[in-house]
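The sequence shown begins at 3 in the working numbering and counts up one residue at a time. Glycine included, C-beta positions come from ideal geometry on N, C-alpha and C. Structure first, commentary second.
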Amino acid sequence: MNAHLFNACLLIGWLLVLAGGCLVHVGYGLAFAGLLLLVVVLFVSRMAGVYLPGGKTDGEP
Numbered sequence: 003m004n005a006h007l008f009n010a011c012l013l014i015g016w017l018l019v020l021a022g023g024c025l026v027h028v029g030y031g032l033a034f035a036g037l038l039l040l041v042v043v044l045f046v047s048r049m050a051g052v053y054l055p056g057g058k059t060d061g062e063p
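This is how it looks when you write it as structure tokens:
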């Protein structure tokens, strides 16, 4: 999968969560979507660092 397509899919999914959360309650929707965005960014950047050539593994300093 192309990196731009992957990022677009993540963005569309996050926007759907944001829109759905804001329909329930604006404050809770923004807070939950913001927290979800942070978790997704940290998870994806960790996975990208592990799977890239020359990426660090857990045993390396």
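Check: According to DSSP, is N9 helix, strand or coil?
Finding: Position 7 of the sequence shown, counting from 1, holds the residue named residue 9. It is helical.
Check: So what does DSSP say about M1, is it helix, strand or coil?
Finding: The requested residue 1 is not part of the displayed model; the chain covers only 3 to 63.
Notebook entry, point to check: Does the beta-carbon of G23 have 16 or more other beta-carbons within 10 angstroms, so that it is buried, or is it exposed?
Noted result: By 1-based counting over the sequence shown, the position of residue 23 is 21. Result: buried.
Item checked: Sub-7 Å separation of A35 and L20 beta-carbons -> Position 33 of the sequence shown, counting from 1, holds the residue named residue 35. Position 18 of the sequence shown, counting from 1, holds the residue named residue 20. A contact, by the Cβ cut-off of 7 Å.
Note to self: I believe V41 touches L12 by the beta-carbon criterion, under 8 Å. Please report the beta-carbon distance rounded to the nearest angstrom.
What the structure shows: Locating residue 41 in the sequence shown gives position 39, counting from the first residue. Locating residue 12 in the sequence shown gives position 10, counting from the first residue. V41 to L12, Cβ: 12 Å. No contact.
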